[in-house]
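Peer 1: So the protein sequences, as listed, match chains A and B.
Heads up, the numbering used here is the position in the first sequence plus 68, with the first residue counted as 1.
Heads up, the numbering used here is the position in the second sequence plus 53, with the first residue counted as 1.
Where is the CB? At the ideal position from N, CA and C, for every residue including glycine.
Before I ask anything, let me first share the structure, which is written out below as structure tokens.
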Amino acid sequence: MPIILPEDPTPIAKVPSTENKTGGWRTFRPVIHYEKCIRCYICWKFCPDAAIYFAPPEAHESPKEALAKFDTVEINYDFCKGCGICANECPVKAIELVLEESVGGDE
Amino acid sequence: MKMILTGNESAAWGARLSRPKVIAAYPITPQTSIIETIAAFIANGEMDARYIRVESEHSAMAACIAAQNTGVRTFTATSAHGLALMHELLIWASGARLPIVMSVVNRAMAPPWSVWTDQLDTMAERDSGWIQLYTQNNQEVLDSIIMSYKIAEKHNVLLPTMVIEDAFILSHTAEGVDVPDQKKVDDFLGEYDPAFKLDPDDPAGFGSLIMPEGPYMEFRYKMALAFEDARNEIKKVVEEYNETFERNYSPFIEEYRTEDADAIMVVLGTIGSTAKDVVDRMHEKGKKVGVARVRYFRPFPAEELRMLARKTDMLGVVDRSYSFGPGADLYAETRSVLYKHTDIPVKGYVMGLGGRDITPQILEKVFDDMLSVAKEGVVDKEVEWVGLHGDERWS
Numbered sequence: 069m070p071i072i073l074p075e076d077p078t079p080i081a082k083v084p085s086t087e088n089k090t091g092g093w094r095t096f097r098p099v100i101h102y103e104k105c106i107r108c109y110i111c112w113k114f115c116p117d118a119a120i121y122f123a124p125p126e127a128h129e130s131p132k133e134a135l136a137k138f139d140t141v142e143i144n145y146d147f148c149k150g151c152g153i154c155a156n157e158c159p160v161k162a163i164e165l166v167l168e169e170s171v172g173g174d175e
Numbered sequence: 054m055k056m057i058l059t060g061n062e063s064a065a066w067g068a069r070l071s072r073p074k075v076i077a078a079y080p081i082t083p084q085t086s087i088i089e090t091i092a093a094f095i096a097n098g099e100m101d102a103r104y105i106r107v108e109s110e111h112s113a114m115a116a117c118i119a120a121q122n123t124g125v126r127t128f129t130a131t132s133a134h135g136l137a138l139m140h141e142l143l144i145w146a147s148g149a150r151l152p153i154v155m156s157v158v159n160r161a162m163a164p165p166w167s168v169w170t171d172q173l174d175t176m177a178e179r180d181s182g183w184i185q186l187y188t189q190n191n192q193e194v195l196d197s198i199i200m201s202y203k204i205a206e207k208h209n210v211l212l213p214t215m216v217i218e219d220a221f222i223l224s225h226t227a228e229g230v231d232v233p234d235q236k237k238v239d240d241f242l243g244e245y246d247p248a249f250k251l252d253p254d255d256p257a258g259f260g261s262l263i264m265p266e267g268p269y270m271e272f273r274y275k276m277a278l279a280f281e282d283a284r285n286e287i288k289k290v291v292e293e294y295n296e297t298f299e300r301n302y303s304p305f306i307e308e309y310r311t312e313d314a315d316a317i318m319v320v321l322g323t324i325g326s327t328a329k330d331v332v333d334r335m336h337e338k339g340k341k342v343g344v345a346r347v348r349y350f351r352p353f354p355a356e357e358l359r360m361l362a363r364k365t366d367m368l369g370v371v372d373r374s375y376s377f378g379p380g381a382d383l384y385a386e387t388r389s390v391l392y393k394h395t396d397i398p399v400k401g402y403v404m405g406l407g408g409r410d411i412t413p414q415i416l417e418k419v420f421d422d423m424l425s426v427a428k429e430g431v432v433d434k435e436v437e438w439v440g441l442h443g444d445e446r447w448s
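This is the structure we're talking about:
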């Protein structure tokens, strides 16, 4: 039998990275406490992946009436690796890091 | 156009004429004037390229890898500790099959600190998967960069290339260099045609994870085949360049008075030009010696060295570096490829470390030693350190 060589000269994955779910790497899960969240989107800016995304204003409660008209945020646990940058950057400490085992993973 | 250029200016001109679109570099003596000259070309509007200032050589190579992946030519330059810091990314660049061309100015590794020429830095990267070419004069530096892009970019090669020059002996010494016409170089090189590139319309990830049962071994095997193909492409491109630009390069080994030589000295880089001069003096005294200057260390010119060994009774291999085991790099590999192909004695000479001058006088003594080994037919000492303080034999 002839030797079978890969077609490409270098490993090229044609599978988009959205197919490669990396949330399972997480040790700590960031949980947003919406009663504190001021919808400033700093967590969205700092997330090194794209694991924080916008949700419609009414999706979650708001601490203040004036904030209720703005989009809120949610975390995509399929891709969040639990780096904790969002929790560290949050100016009102609305994001808590919870040990994954203590919440029982629901990937 | 004839210009008076240092080795580093010649490297910068070689890069300029090849039209890379991205240069990412970090300064280090004795390479710095290459990237300074290129920065000036760009600032003056003489070169259309993006110059990325980075915080280290590791980042310089990372930036070149990323830029080359978008489908453009890139160039960088480094020396010694900078090259060592790049080590991880050198292997990435070759495994990712990106035909990056880089100037490396040979410099000794510390401690003790030394900025002078010594080949340990590039020898330590011989298994990084890069083509390695050692040059002898400033003209060869310039021409080799242009040729290297053409060879590296062939779709059956796709291997990055180091064009290596000796510190100060070439890098900071000016001589007359024929700078080819831009139009002629454009015609010779053509537009860069990447075998693959990042494309937002066709998303892909490069260098992704491969499990042990996946084709990791096969990718490495393909690289080994590419090094074999590179031999043929080097021959073709050198021949084409010689014809187009009226040069006279031998692809792998430049031989000088090797026909009927009783002993031949095998060298890398600028030692070749000193040795050729000494050979002429030796012939005047009736001593038949020759020089073989190895240009490509990777791919290693195995067949060419076997042919060389058939012409003579003895090979003396000079290394400007030392390997703590087999003795020295060019010596050990030369002996290895000659195994079972010849019975002639092969002796290694380690000299010129840390930039210590390799003078005609010392080479003459080495040639005399080689002739006595040739006469005896046996090697007295496999690897000899030449010119150590107090060693009267070579002084």
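According to DSSP, is Trp169 (chain B) part of a helix, a strand, or is it coil?
Peer 2: Correct three-state label for Trp169 (chain B): coil.
Peer 1: Which residues does DSSP pair with Asn159 (chain B) in a beta bridge?
Peer 2: B:Asp219, per the DSSP bridge assignment.
Peer 1: For the alpha helix (DSSP H) that Gly325 (chain B) lies in, which residues bound it at each end?
Peer 2: Run containing Gly325 (chain B): Ile324 to Glu337, per the alpha helix (DSSP H) assignment.
Peer 1: Which residues in the same chain have their Cβ closer than 6 angstroms to the Cβ of Tyr384 (chain B), if we skip the five residues on either side of it in sequence?
Peer 2: Result list for Tyr384 (chain B): Val370, Asp372 and Gly401, in chain order.
Peer 1: Please state if the CB of Glu386 (chain B) and the CB of Phe353 (chain B) are separated by a distance shorter than 8 angstroms.
Peer 2: Cβ atoms of Phe353 (chain B) and Glu386 (chain B): closer than 8 angstroms.
Peer 1: Is Trp112 (chain A) helix, strand or coil by DSSP?
Peer 2: Reduced to three states, the DSSP call for Trp112 (chain A) is helix.
Peer 1: Once DSSP output is grouped into helix, strand and coil, what is the label at Glu175 (chain A)?
Peer 2: Residue placement at Glu175 (chain A) is flagged as unreliable, the pLDDT there being 48, under the threshold of 50; a coordinate-derived value is accordingly withheld.
Peer 1: Measuring alpha carbon to alpha carbon, tell me which of B:Met264, B:Leu361, B:Ser425 and B:Lys275 ends up nearest Asn209 (chain B).
Peer 2: Of the candidates B:Met264, B:Leu361, B:Ser425 and B:Lys275, the one whose C-alpha sits nearest the C-alpha of Asn209 (chain B) is B:Lys275.
Peer 1: Counting only Cβ pairs nearer than 9 angstroms, list the residues of chain B close to Lys82 (chain A).
Peer 2: Those within 9 angstroms of Lys82 (chain A) in chain B are Asp255, Pro256, Ala257 and Gly258.
Peer 1: Any idea if Asn97 (chain B) is buried or exposed, counting beta-carbon neighbours within 10 angstroms, 16 or more meaning buried?
Peer 2: It counts as exposed.
Peer 1: Which value, in whole angstroms, describes the spacing of the CA atoms of Glu175 (chain A) and Lys89 (chain A)?
Peer 2: Note that Glu175 (chain A) scores 48 on pLDDT, short of 50, meaning its location in the model is unreliable and no value can be drawn from it.
Peer 1: Could you give the first and the last residue of the continuous beta strand (DSSP E) run that contains Gln84 (chain B)?
Peer 2: First-last for Gln84 (chain B): undefined, no H or E at that position.
Peer 1: With distances taken from CA atoms, which of A:Ala162, A:Glu157, A:Phe147 and A:Pro84 is nearest Asp117 (chain A)?
Peer 2: Comparing Cα positions, the closest option is A:Phe147.
Peer 1: How should Tyr68 (chain A) be labelled, buried or exposed, when 16 other C-beta atoms within 10 angstroms of its C-beta is the threshold for buried?
Peer 2: Because residue 68 (chain A) is not part of the residues shown, which for chain A are 69 to 175, the question remains open.
Peer 1: Check the Cβ of Thr178 (chain A) against every Cβ in chain B and list those closer than 7 angstroms, keeping chain order.
Peer 2: Absent from the structure is residue 178 (chain A), since the part of chain A shown begins at 69 and ends at 175.
Peer 1: Pull up the CB-CB distance for Leu406 (chain B) and Asp171 (chain B), whole angstroms please, since I reckon it's below 8 angstroms.
Peer 2: Indeed, because the Cβ distance is near 5 angstroms, the residues count as touching under 8 angstroms.
Peer 1: Are there 16 or more other CB atoms within 10 angstroms of the CB of Gln192 (chain B), so buried, or fewer, so exposed?
Peer 2: Looking at its Cβ environment, which holds 16 or more other Cβ atoms inside 10 Å, Gln192 (chain B) is buried.
Peer 1: What does Leu211 (chain B) touch in chain A if you count any residue whose Cβ is under 9 angstroms from its own?
Peer 2: Within chain A, the residues near Leu211 (chain B) are Pro77 and Thr78.
Peer 1: Applying the 10 Å Cβ sphere with the 16-neighbour rule, what's the burial state of Tyr202 (chain B)?
Peer 2: The residue is buried, with at least 16 neighbouring Cβ atoms inside 10 Å.
Peer 1: Short of 7 angstroms in beta carbon distance, which residues of its chain neighbour Trp112 (chain A), apart from the five on each side in sequence? Order them along the chain.
Peer 2: Result list for Trp112 (chain A): Ile120 and Val141, in chain order.
Peer 1: Going by alpha carbons, who is nearest to Pro164 (chain B) out of B:His134, B:Leu242, B:Thr395 and B:Tyr294?
Peer 2: Considering only alpha carbons, the answer is B:His134.
Peer 1: Ignore the nearest five residues each way along the sequence and tell me which others in Val432 (chain B)'s own chain have a CB closer than 8 angstroms to its CB.
Peer 2: Excluding positions up to five away in sequence, the list reads Pro398, Val399, Lys400 and Val426.
Peer 1: Of all the alpha helix (DSSP H) runs that stay within the bounds of the segment 218-284 of chain B, which reach a length of 4 or more residues?
Peer 2: 235-242, all fully within the segment 218-284 of chain B.
Peer 1: Kindly indicate which residue of B:Ala113, B:Tyr79, B:Ala68 and B:Ser112 has the alpha-carbon position closest to the one of Ile91 (chain B).
Peer 2: Nearest C-alpha to Ile91 (chain B): B:Ala68.
Peer 1: Tell me Ile100 (chain A)'s beta-bridge partners as DSSP assigns them.
Peer 2: DSSP lists A:Ile163 as partners of Ile100 (chain A).
Peer 1: Out of B:Trp183, B:Tyr104, B:Asp240 and B:Ala78, which has the shortest C-alpha to C-alpha gap to Ser71 (chain B)?
Peer 2: Looking at the Cα atoms, B:Asp240 is the closest of the given residues.
Peer 1: Nearest by alpha-carbon distance to Phe138 (chain A): which of A:Glu157, A:Cys154, A:Lys82 and A:Tyr102 is it?
Peer 2: Here the closest residue by C-alpha is A:Tyr102.
Peer 1: If we cut at 8 angstroms on Cβ distances, does Leu73 (chain A) have a partner in chain B?
Peer 2: Output row for Leu73 (chain A): interface = yes.
Peer 1: Below 9 angstroms on C-beta distance, what does Ile263 (chain B) contact in chain A?
Peer 2: What Ile263 (chain B) touches in chain A: Pro79.
Peer 1: DSSP three-state label for Phe122 (chain A), please.
Peer 2: It is a strand residue.
Peer 1: So, helix, strand or coil for Gly380 (chain B), using DSSP?
Peer 2: Note: Gly380 (chain B) maps to strand in three-state DSSP.
Peer 1: Could you pull out every residue in the same chain whose Cβ sits closer than 8 angstroms to the Cβ of Asp234 (chain B), ignoring the five residues on either side in sequence?
Peer 2: Met54.
Peer 1: Which value, in whole angstroms, describes the spacing of the CA atoms of Ala205 (chain B) and Ile317 (chain B)?
Peer 2: For Ala205 (chain B) and Ile317 (chain B), the distance between alpha carbons rounds to 31 angstroms.
Peer 1: Determine the DSSP secondary structure at Val390 (chain B), reduced to helix, strand or coil.
Peer 2: Three-state result, Val390 (chain B): helix.
Peer 1: Given a cut-off of 8 angstroms, decide if Leu186 (chain B) and Arg348 (chain B) are closer than it, judged by their beta-carbon atoms.
Peer 2: It is a contact, given that the beta carbons lie within the stated cut-off.
Peer 1: Hey, how far is the Cα of His225 (chain B) from the Cα of Ala65 (chain B)?
Peer 2: Their backbone Cα atoms lie some 13 angstroms apart in a straight line.
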